[in-house]
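Q: Here it is: the structure, laid out below.
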Amino acid sequence: MVNLTNRMRKLTEIRCGSGAAILPPEVTRIHLRFSREGRDSGHMGIQSFWKQDLRQLKYHNPAVAMTVDRSLKQDDTAYMFIHFAKSDAVATSNTPVSSTSTKLTSTTALKSELGALTERVEQVKVKNIGRPAITEQLFKLTNAIKIETSPEDKQRIQELRDQEKKSKKDRALIQIVKRNNKLAKEKELLKLGGMAS
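Heads up, the sequence shown is in the numbering used here, so the first residue is 965 and it goes up one at a time.
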């Protein structure tokens, strides 16, 4: 079973952070294209965005399709594509595009509907750009509403950090005790071995 503290920390990390925002109903899809190898290739910022901020966006916007293509070469330019729906299509669509929708749909049904709904696509070059700048560009283009961390979440984050520090100290103490016990057993075995001869 996974440690409860780790579960709470991971959930809090997804709920709160720089990528926590509500996208407007016109945003139907976010697509990222970058290289798997990011070291020294200019793709580190978008990889970091993918690992941290995109999952926070998906948590708060479950109806928005978010896809990733990591098949580019290191020398290629990394892109972020933001698909916007026609305003009349958002009002008449049966497919939930709004981030506040509670109705679940399959990804394939959503993708087939998105082709008909997309009015325009914003293409943003994100090579050699850091994660905060990518997030800021996305929020600016989409007019996303940033979700501020609540006082309860701030308190929970602090409690989890304190618990992690305490756990780290406890683990170090347990290692010392184990090592001392092992040394004591080895000394006892040496004494018994010396008496037998």
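Beta carbons: idealized from backbone N, C-alpha and C, even for Gly.
In this text the structure is predicted, and so the values were computed from the model without any measurement.
1) How close, in whole Å, do the beta carbons of Ala1042 and Phe998 come, if the pair is a contact with beta carbons under 8 Å?
2) Does the segment 1026-1039 come into contact with the segment 1083-1095, if we say contact requires no fewer than three beta-carbon pairs (one atom in each stretch) closer than 8 Å?
3) Which residue comes first and which comes last in the beta strand (DSSP E) that contains Ser1035?
4) If you compare alpha carbons, which of Met972, Asn1144, Leu996 and Ala1108 is closest to Leu987?
5) Determine the DSSP secondary structure at Lys1110, reduced to helix, strand or coil.
6) Which residues in the same chain as Arg1095 place their Cβ atom closer than 7 Å to its Cβ, once the five residues preceding and following it in sequence are excluded?
7) Just to confirm the assignment, what range does the beta strand (DSSP E) spanning Arg997 have?
8) For Thr1099 and Val991, I'd like the C-alpha separation in whole angstroms.
9) Within 8 Å (strictly less), CB to CB, does Ser999 reach chain D?
A: Looking at the atomic coordinates:
1) Contact holds; Cβ gap of about 4 Å.
2) With the cut-off at 8 Å, the segment 1026-1039 and the segment 1083-1095 do not touch.
3) Following the DSSP letters along the chain, one finds Ser1035 inside the beta strand (DSSP E) bounded by residues Ala1029 to Leu1036.
4) Here the closest residue by C-alpha is Ala1108.
5) Note: Lys1110 maps to strand in three-state DSSP.
6) Within the same chain, and ignoring the five residues on either side of Arg1095 in sequence, the residues whose Cβ sits closer than 7 Å to its Cβ are Gly1009, Ser1012, Phe1013, Gln1016 and Asp1017.
7) For Arg997, the enclosing beta strand (DSSP E) has its first and last residue at Val991 to Ser999.
8) Using only the alpha carbons, I get a separation of about 15 Å.
9) Absent here is chain D; the protein component of the structure consists of one chain.
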